[in-house]
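As structure tokens, the structure follows; a few thoughts come after it.
2 protein chains.
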Amino acid sequence: MTDTISNASSDLSPIQTVSVDLGDRSYGIEIGRGLLETAGERIAALRPGARLAVITDETVEKLHLKTLQASLAKAGIDHAVMTIPAGESSKRFSQFERLCDEVLGARLERNDAIVALGGGVVGDLSGFVAAAVRRGMDFIQIPTTLLSQVDSSVGGKTGINSRHGKNLIGAFHQPVLVLADTGILDTLPMRDFRAGYAEVAKYGLLGDEPFFAWLEANWKAVFAGGPERDEAVARSCQSKADVVVADERESGRRALLNLGHTFGHALESAVEYETARLVHGEGVSIGMMLAHEFSERLGLIDGAVVARVEKHLSEVGLPIRMSQIPGQLPPAGTLMDIIAQDKKVSRGNLTFILTRGIGSAFVEKGVEPAVVHDFLVEKLSS
Amino acid sequence: MTDTISNASSDLSPIQTVSVDLGDRSYGIEIGRGLLETAGERIAALRPGARLAVITDETVEKLHLKTLQASLAKAGIDHAVMTIPAGESSKRFSQFERLCDEVLGARLERNDAIVALGGGVVGDLSGFVAAAVRRGMDFIQIPTTLLSQVDSSVGGKTGINSRHGKNLIGAFHQPVLVLADTGILDTLPMRDFRAGYAEVAKYGLLGDEPFFAWLEANWKAVFAGGPERDEAVARSCQSKADVVVADERESGRRALLNLGHTFGHALESAVEYETARLVHGEGVSIGMMLAHEFSERLGLIDGAVVARVEKHLSEVGLPIRMSQIPGQLPPAGTLMDIIAQDKKVSRGNLTFILTRGIGSAFVEKGVEPAVVHDFLVEKLSS
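Here you go:
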């Protein structure tokens, strides 16, 4: 926890709001520095009289729970706190059961709300609890990592892992409010901030060339914590919201959000989700590079596009090659097996997100497995 | 299992279909004798190529699984079978976890389907599994009890029990198809058939006087298994569908479906869900009588209406008085505590379904607890 983001201004920036328009399940994402201190009044304004169950993990509890509780107390909001162990292994049935029971034991009614204070693990697990208790309670997210602010705060995906794979049990359950306090990110280890940044860059790469160009020019300020960070989070949330609104249940366009993820997931799985070797955003970064190189191989883009992506991802400090993953990787055949088992593979066809240029990604169904295999053989040995 | 419905015709009746119009989640309920034998072709027509996980319980497995499997085999549908112990205690986290894991282990994909072959327990549990695996798989119901054909096959409520109460964990998840084979009901014990009939009568009492009058004239044929049984199931499903379509998430009018249920649930809870003493439909029957008597007490209806309800429920063999429940009941104060804890009680107010006549039930919020208490004291001693 030593290598954290510093030089952050302590002034309160103005608040930005991204609206996610999903009919009667619409909600707002509020983005800005210092939001956590005003969480109580914002929640009270939205849901007067509601009681809360705040779910957090042991790491986030130490850093940020007191600030939230002070704010809730100031707004007169009655609440219970439930803490889970930090880390992916909390996304399991036993924690789901325990939290459902504790929320009911705290006598929360259907008009009360679950608050997730934490990163993706806390958000995914708490969201599924909120979806299931009394067949659906209000859900409020206070994401504390860059990844969860720009990714899991939009889309309504919640869930836990099964022995058969990650995120295989869950629900689509939209939050009623998301509070993305960008100042909280100052407490993130640099490696986690960078990994979250891979998803920020993804939004530019998949559909917004001007945003990618803006990131090339402004990424240092995004890392440092100025208003550019708020801007990057807001623009990422807006990008994801645009895709999700168009395709809430992930049948078509929403697949674009998986740019870099087919290769990335395969690599995460290949290292058995050992985060000392690879975290999700790093896998996505390498995966996005592979998606661009594979697109070049198929004649969709030229080398200059690949070089531009490579330059930006590497200058922010993200890994861009499989060889940067510590330790041995399995051979291409094993990676292909993992890709074939991936839940995004439908009835035997391989689906990849490819690109025709920066900001011009598209869904390609029916990619030849043999071509991918040969490509991976070559990349693994380079 | 000796006291079963008999005299059933073995001819195939024509199929009736009730449509539940919920936009892109609309589905049909097919109703008729012998439907189980054609389940395979009906499912194949709706979801060509889909694989199935058939969830059933030990009792239904012995009676009806072979017929279903023969039909699936004839239609060339690949399927796995998962069996749970019969009874309410299967609606628990451990069975939910086990079934989710088994469905994934059978390698069912998101386009495949879960089939519930059984009564309410199988339907509620399987439906929640279908809602949660891969964040939502297709769900097909083949209800095998009268209660589940006329009640849980419409509305999309799925769920399991918690140590804090029944049905407190779950999801709203609509089926894509319901096959209500009225011939299957010939294998039901008479007590279970009668208990299901209480819900049939409820639809008349809450909003359809002509249907109640029709039941008064035709109930014997409904019990015997003629086309009148299909008609009663279809009209019940249509009644519930009308209410559910108007109010999918149970905020207003849908509460009418709870006619007789506030008192009924309190009695079920008072006997600790000991089915030897009281099953759900019996509690509903006594509860409906109490709701009418309470409505009379409040001057909403006269004694002739109460007498008409009493005559019909008692002539079909349903219990109508709390004194018919074997064993000791707790005092009125305890029943009031149970009612106050009921999930249908919102922020301290007592909500009851009362009536202004046969077919004219309405939701009354803010009933004086003291008036209910005095009423129960008197009824318990009568």
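Here the protein sequences come in this chain order: A and B.
If you count the first sequence from 1, position 22 lands on 22 in the UniProt record's numbering, and the numbers rise without skipping.
If you count the second sequence from 1, position 103 lands on 103 in the UniProt record's numbering, and the numbers rise without skipping.
From the three backbone atoms N, C-alpha and C, an ideal C-beta is built for every residue, glycine too.
Would you list the residues sitting across from residue i in a DSSP beta bridge?
| i | result |
| --- | --- |
| V122/A | According to DSSP, which records beta bridges pairwise, V122/A is partnered with nothing at all. |
| M190/A | In the DSSP output, where bridge partners are listed per residue, M190/A has none listed. |
| L350/A | V367/A |
| H79/B | L52/B |
| P143/B | G118/B |
| residue 387/B | With chain B running from 1 to 382 in the structure shown, residue 387/B is simply not present. |
| S381/B | Answer is none; S381/B lacks a bridge partner. |
| T355/A | A361/A |
Can you find the residues in the same chain that come closer than 6 Å, C-beta to C-beta, to residue i, ignoring five residues on each side of it along the sequence?
| i | result |
| --- | --- |
| G317/A | R194 |
| L376/A | A332 and L335 |
| V178/B | I29, Q141 and S153 |
| A116/A | I55, V122, G123, S126 and Q141 |
| G204/A | F211, F212 and L215 |
| I222/B | Note on residue identity: the sequence assigns Val, not Ile, to residue 222/B. Closer than 6 Å at the Cβ level, and outside the excluded window around V222/B, lie E228, R229 and A232. |
| K343/A | Bear in mind that a pLDDT of 48 at K343/A, under 50, signals an unreliable position, so the number given afterwards is only what the model happens to contain. Result list for K343/A: empty, nothing under 6 Å. |
| A39/A | L68, S71 and L179 |
| N218/A | E228 |
| E61/B | T83 |
| L35/B | L179 and D181 |
Assuming the contact rule is C-beta atoms closer than 8 Å, residue i and residue j should be a hit. Round their C-beta distance to whole Å, please.
| i | j | result |
| --- | --- | --- |
| G183/A | R33/A | 4 Å |
| L354/B | L298/B | 7 Å |
| F329/A | A270/A | Contrary to the premise, residue 329/A reads as Leu rather than Phe in this sequence. About 6 Å; that satisfies the 8 Å criterion. |
| A130/B | I114/B | 4 Å |
| S382/A | L104/B | Their Cβ separation, rounded to whole angstroms, is 36 Å, which puts S382/A and L104/B out of contact at 8 Å. |
| A44/A | A86/A | The Cβ separation is near 29 Å, so there is no contact. |
| C237/A | I15/A | Not quite, the Cβ-Cβ distance comes to about 13 Å (not below 8 Å), so this is no contact. |
| G281/B | G196/B | 6 Å |
| D112/A | R51/A | 4 Å |
Mark residue i as exposed unless 16 or more other C-beta atoms lie within 10 angstroms of its C-beta, in which case mark it buried.
| i | result |
| --- | --- |
| E368/A | exposed |
| G170/B | buried |
| D208/A | buried |
| S89/A | exposed |
| D78/A | exposed |
| D230/B | buried |
| G120/A | buried |
| P175/A | buried |
| D374/A | exposed |
| S148/B | buried |
| T145/A | buried |
| R135/B | buried |
| T56/B | buried |
| E199/A | buried |
| Q341/B | exposed |
| V372/B | buried |
| R110/A | exposed |
| D302/B | exposed |
| K379/A | buried |
| A73/B | exposed |
| T17/A | exposed |
| K240/B | buried |
| P48/B | exposed |
| A370/B | exposed |
| S19/B | exposed |
| A276/A | exposed |
Which same chain residues end up closer than 7 Å to residue i when comparing Cβ atoms and leaving out the 5 residues on each side of it in sequence?
| i | result |
| --- | --- |
| E310/B | M289 and I320 |
| V305/A | H292, G357 and I358 |
| A106/B | A53 and A80 |
| K202/B | L259, G260, V284 and M288 |
| R253/A | V243, A246 and D247 |
| L256/A | L206, G207, V243, I353, A361 and V363 |
| F96/B | L125, F128, V129 and I160 |
| I338/A | A266, S269 and A270 |
| E315/B | none |
| L63/A | T187 |
Enumerate in chain order the residues of its own chain whose CB-to-CB distance from residue i is below 8 Å, with the five nearest sequence positions on each side excluded.
| i | result |
| --- | --- |
| residue 383/A | Nothing in the structure corresponds to residue 383/A, since chain A is present only between 1 and 382. |
| L267/B | L278, G283, I286, G287, M322, I325, L329 and L335 |
| H173/B | G127, F128, A130, A131, G136, F139, G156 and T158 |
Which residues, in order along the segment 159 to 179 of chain A, keep a beta-carbon less than 7 Å from a beta-carbon of chain B? Flagged, chain order: G159, S162, R163, H164, L168, I169, G170, A171 and F172.
Within 7 Å of chain B by C-beta, residues of the segment 111 to 133 of chain A in sequence order: Cβ contacts with chain B: A131, A132 and V133.
Residues of the segment 228 to 249 of chain A with Cβ closer than 7 Å to any Cβ of chain B, in chain order: Contact residues of the segment 228 to 249 of chain A toward chain B are absent (C-beta to C-beta distance below 7 Å).
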